[in-house]
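Participant: Before anything else, here's the structure in question.
Residue numbers (our numbering), protein chains in the order written: chain A, 1 to 141; chain B, 142 to 282; chain C, 283 to 423; chain D, 424 to 564.
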């Protein structure tokens, strides 16, 4: 049902996404247009106020969309973000952050995805995002 | 005219923004509600296709907004992003990236900012963003 | 549990929101931070291609957020949209459109809301939006 | 230089965009990827507080993007909005509203546009928006 395994996506992360790999980002679950990914807490991710920085959360958001898209269409590494919109809702805790992504629409050329971000162990999201990926014409992966 | 110097903002970057500092982000100019910041090129910032990754560009965007806001209201480090929307326009070159930010609106509680991102030496922007910062009630800086 | 009744909100629509009233927009359900609203189909809402125009959908989106916000905080008519982001996902049918809104976050000053729009009788959303409302300081309603 | 005249675009408005026509929206200038359009003030456009409603401003925004896109690629009426993001900056006056649009990027499949909205006679924008249009494959118009 899913077009990429968690293991294959995490291998790809280490091989091709140095920023994500450096922060320890990894997938924990990938389905057909869905993904759960994790950002391990690390003091170097923080900003004034002691919380996880916005850019670290945006990076996790984009990473979850990349995973969910590949869960739907396979290892199309050249798919690129064309738009990302994020609302920051609550102050994150100094713990791991989880992003849950699911696809709202898969077209031939564009995919639209939605992401909710959580501090581990909390019920209320710390941020919510939507984004669009452009799928390259030839999907030979 | 500006409420923070370039030197003070770059000192703050090293002291308080470990992710930005680690990537070598720094300000080159700050005015009253404007900022020019730079992300030095580094292979660890790239993604499949050899271009600078979206998350690195989002981080630079947010950093430029933080600088421009402080250029207007001073060292209010606890100001936080509430919304960020970015459109990726063109494939960036494997060179330094520059972000130019200016403020669209400064209210008591919210500031709205606009950012254009460029590959150094290019005229056409590689990305364009808008964002909102929430300004904490007491602005003792 | 809800801070405004469907009847009160529809009365307010006719009294204070001439554009929405003119298009026949009305609420069908309002809860504490949730709303379901309807835009009756009308040929004057269409655009080339025979589908409902984007602006009609944006108007319905904003209207659903206004209803859900009042469902949470009461008849605070001076609350205003500060940001709205919408992704158009599928071509709408020439039928009534339904918008389902729920609140992602209610703060003292800002509320963030999420909306899914459907052509009546369809399962897949035709559009998805998020938005922020600014709540005026004195909430005497 | 421009691919559609102001007259042709205003004729198209009356023939194909009933909502815009009903509100009196019309173009005043169209260039290659730029447009200035006007929404005449009308009490039926207002909302609580006596200002022009958000949906009226979103409609004007989208209309300006449609005009600027046709200024660049001609009368491709089936081009559709895929994303629109708007920030409301200041309370509009009870006067005509002007939207100035210019294109940030024209690709084969997508165009990204930026819009500033003004109350007539004011220097500071009342709103700022960006949006993406999808261009249909065959551009025979």
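Here a beta-carbon is modelled for each residue, glycine too, at the ideal position from N, C-alpha and C.
1. Between residue 563 of chain D and chain C, is any beta-carbon pair separated by less than 8 angstroms?
2. At a CB distance below 9 angstroms, what residues from the stretch 363 to 374 of chain C approach chain B? Give them in sequence order.
3. Assuming contact is defined by CB atoms lying nearer than 8 angstroms, are residue 252 of chain B and residue 227 of chain B in contact in what I supplied?
4. Along chain B, which residues have their Cβ under 9 angstroms away from the Cβ of residue 395 of chain C?
5. Would you give the residue range spanned by the alpha helix (DSSP H) that residue 71 of chain A belongs to?
6. In chain order, what residues of the same chain have a beta carbon less than 8 angstroms from the beta carbon of residue 45 of chain A, not counting five sequence neighbours either side?
7. Report the rounded CA-to-CA distance for residue 358 of chain C versus residue 471 of chain D, giving the unit in angstroms.
8. Can you give me the Cβ contacts of residue 373 of chain C inside the same chain, cut-off strictly under 8 angstroms, excluding the 5 residues immediately before and after it?
9. Within a Cβ cutoff of 6 angstroms, which residues of the same chain sit near residue 101 of chain A, ignoring the five residues on either side of it in sequence?
10. Of all the residues that make up the stretch 92 to 111 of chain A, which are near chain D by a beta-carbon distance shorter than 8 angstroms?
11. Rank D/483, D/503, D/450, D/547 by C-alpha distance to the C-alpha of residue 560 of chain D and give the top, closest one.
12. Could you tell me which chain C residues have their CB closer than 9 angstroms to the CB of residue 125 of chain A, listed as they occur along the chain?
13. How many angstroms separate the CA atom of residue 519 of chain D from the CA atom of residue 481 of chain D?
14. Bridge partners for residue 178 of chain B per DSSP, in chain order?
15. Considering only the beta carbon of each residue, do residue 449 of chain D and residue 271 of chain B sit closer than 8 angstroms?
16. Going along chain C, which residues have a C-beta under 9 angstroms from residue 487 of chain D?
17. Whole angstroms are fine: how far does the CA of residue 452 of chain D sit from the CA of residue 62 of chain A?
18. Helix or strand or just coil, what does DSSP make of residue 246 of chain B?
19. What is the C-beta distance between residue 213 of chain B and residue 144 of chain B, in whole angstroms, given that I count them as a contact (C-beta under 8 angstroms)?
20. For residue 141 of chain A, which residues of its own chain have a beta-carbon under 6 angstroms away from its beta-carbon, when the five flanking residues on both sides are left out?
21. Determine the direct distance from the alpha carbon of residue 10 of chain A to that of residue 120 of chain A, and round the result to whole angstroms.
22. Need the endpoints of the alpha helix (DSSP H) that residue 157 of chain B sits in, please.
23. For the candidate residues B/142, B/258, B/273, B/157, whose alpha-carbon lies nearest to that of residue 249 of chain B?
24. Taking all protein chains shown into account, decide if residue 1 of chain A is buried (16 or more other Cβ within 10 angstroms of its Cβ) or exposed.
25. Can you tell me where the beta strand (DSSP E) with residue 558 of chain D in it begins and where it stops?
26. For residue 431 of chain D and residue 437 of chain D, which I take to be in contact (beta-carbon distance under 8 angstroms), what is that distance rounded to the nearest angstrom?
27. Which residues, in chain order, does the stretch 36 to 65 of chain A contribute to contact with chain B at a C-beta distance below 8 angstroms?
28. Rounded to a whole number of angstroms, what is the C-alpha to C-alpha distance between residue 387 of chain C and residue 428 of chain D?
29. Using Cβ-Cβ distances below 8 angstroms, what residues of the stretch 301 to 319 of chain C are close to chain D?
30. Go to residue 510 of chain D, then tell me how far its beta strand (DSSP E) extends in each direction, as first and last residue.
31. Considering only residues of the same chain and omitting the five flanking positions on each side of residue 16 of chain A, which have a CB-CB separation below 8 angstroms?
32. Per DSSP, what kind of secondary structure is residue 411 of chain C in: helix, strand or coil?
33. Please go through the same chain and pick out, in chain order, the residues whose beta-carbon is closer than 8 angstroms to the beta-carbon of residue 301 of chain C, but skip the five residues on each side of it.
34. So what does DSSP say about residue 280 of chain B, is it helix, strand or coil?
35. For residue 114 of chain A, which residues does DSSP report across the bridge?
36. Kindly indicate if chain C contains any beta-carbon less than 8 angstroms away from that of residue 2 of chain A.
Facilitator: Checking against the coordinates, here is how it stands:
1. Counted from its first residue, the fourth chain places residue 563 of chain D at position 140. Legend: pLDDT at residue 563 of chain D = 44, less than 50; position of this residue unreliable, no value from coordinates given.
2. 364, 365, 367
3. Indexing the second chain from 1 puts residue 252 of chain B at position 111. Indexing the second chain from 1 puts residue 227 of chain B at position 86. Against a cut-off of 8 angstroms, the Cβ pair of residue 227 of chain B and residue 252 of chain B comes out as no contact.
4. As a first step, residue 395 of chain C is located in the third chain; it is residue number 113 there, counting from the start. Near residue 395 of chain C there are no residues of chain B at all, since even the closest Cβ is about 13 angstroms away, more than 9 angstroms.
5. Taking the first residue of the first chain as position 1, residue 71 of chain A is located at position 71. Its alpha helix (DSSP H) spans residues 54 to 73.
6. The count along the first chain starts at 1 and reaches residue 45 of chain A at position 45. 23, 39, 52, 53, 56.
7. Along the third chain, read from residue 1 onward, the residue named residue 358 of chain C stands at position 76. Along the fourth chain, read from residue 1 onward, the residue named residue 471 of chain D stands at position 48. Using only the alpha carbons, I get a separation of about 10 angstroms.
8. As a working note, residue 373 of chain C is residue 91 in the third chain. Result list for residue 373 of chain C: 331, 333, 408, in chain order.
9. Translated into positions along the first chain, residue 101 of chain A becomes position 101. Excluding positions up to five away in sequence, the list reads 35, 64, 65, 68, 113, 115.
10. 109, 110
11. As a first step, residue 560 of chain D is located in the fourth chain; it is residue number 137 there, counting from the start. Considering only alpha carbons, the answer is D/503.
12. For the purposes of this step, residue 125 of chain A is identified with residue 125 of the first chain, where counting begins at 1. Near residue 125 of chain A (Cβ distances below 9 angstroms), the residues of chain C are 386, 387.
13. Position 96 of the fourth chain holds residue 519 of chain D. Position 58 of the fourth chain holds residue 481 of chain D. Going from the Cα of residue 519 of chain D to the Cα of residue 481 of chain D covers about 15 angstroms.
14. Position 37 of the second chain, counting from 1, holds the residue named residue 178 of chain B. Looking at the DSSP assignment, residue 178 of chain B forms a beta bridge with B/168, B/240.
15. The residue labelled residue 449 of chain D in the question sits at position 26 within the fourth chain. The residue labelled residue 271 of chain B in the question sits at position 130 within the second chain. Result no, Cβ atoms of residue 449 of chain D and residue 271 of chain B do not sit closer than 8 angstroms.
16. Numbered from 1 along the fourth chain, position 64 holds the residue referred to as residue 487 of chain D. In chain order: nothing, as chain C lies at least about 11 angstroms away.
17. Working through the first chain from its first residue, we reach residue 62 of chain A at position 62. Working through the fourth chain from its first residue, we reach residue 452 of chain D at position 29. Straight-line Cα distance between these residues: approximately 39 angstroms.
18. Indexing the second chain from 1 puts residue 246 of chain B at position 105. DSSP places residue 246 of chain B in strand when its eight states are reduced to three.
19. Taking the second chain and counting its residues from 1, one reaches residue 213 of chain B at position 72. Taking the second chain and counting its residues from 1, one reaches residue 144 of chain B at position 3. So it is a contact: roughly 6 angstroms between Cβ atoms.
20. In the first chain, the residue the question calls residue 141 of chain A occupies position 141. For residue 141 of chain A, the predicted model reports a pLDDT of 42, less than 50, meaning its position is unreliable and no value from the coordinates is stated.
21. Here residue 120 of chain A refers to the residue found at position 120 of the first chain. Here residue 10 of chain A refers to the residue found at position 10 of the first chain. One C-alpha to the other measures close to 20 angstroms.
22. To locate residue 157 of chain B, count along the second chain from 1; it is residue 16. That run of the alpha helix (DSSP H) goes 147 to 157.
23. Stepping through the second chain from its first residue, residue 249 of chain B is reached at position 108. That would be B/273, whose Cα lies nearest to the Cα of residue 249 of chain B.
24. Indexing the first chain from 1 puts residue 1 of chain A at position 1. The residue in question, residue 1 of chain A, is exposed, as its Cβ has fewer than 16 Cβ neighbours within 10 Å.
25. On the fourth chain, position 135 is the one that residue 558 of chain D refers to. That residue, residue 558 of chain D, is in no beta strand (DSSP E); it is neither H nor E in DSSP.
26. Taking the fourth chain and counting its residues from 1, the one referred to as residue 431 of chain D is at position 8. Taking the fourth chain and counting its residues from 1, the one referred to as residue 437 of chain D is at position 14. That belief does not hold up - the Cβ atoms of residue 431 of chain D and residue 437 of chain D are roughly 11 angstroms apart, past 8 angstroms.
27. 43, 44, 45, 46, 47, 48, 49, 53, 54, 55, 56, 58, 59, 62, 63
28. On the third chain, position 105 is the one that residue 387 of chain C refers to. On the fourth chain, position 5 is the one that residue 428 of chain D refers to. Looking at the two C-alpha atoms, the distance is approximately 46 angstroms.
29. 301, 302, 304
30. Your numbering for residue 510 of chain D matches position 87 in the fourth chain. 503 to 511 is the extent of the beta strand (DSSP E) around residue 510 of chain D.
31. Within the first chain, the letter at position 16 stands for residue 16 of chain A. Contacts found: 77.
32. By 1-based counting over the third chain, the position of residue 411 of chain C is 129. Here residue 411 of chain C sits in strand by DSSP.
33. Within the third chain, the letter at position 19 stands for residue 301 of chain C. Answer for residue 301 of chain C: 341, listed in chain order.
34. Translated into the one-based positions of the second chain, residue 280 of chain B becomes position 139. Caution applies to residue 280 of chain B, whose pLDDT of 44 falls short of 50 and renders its modelled position unreliable; the model cannot decide the point.
35. Mapped onto the first chain, residue 114 of chain A falls at position 114. DSSP output for residue 114 of chain A lists A/102, A/130 as bridge partner(s).
36. Mapped onto the first chain, residue 2 of chain A falls at position 2. Residue 2 of chain A does not count as touching chain C.
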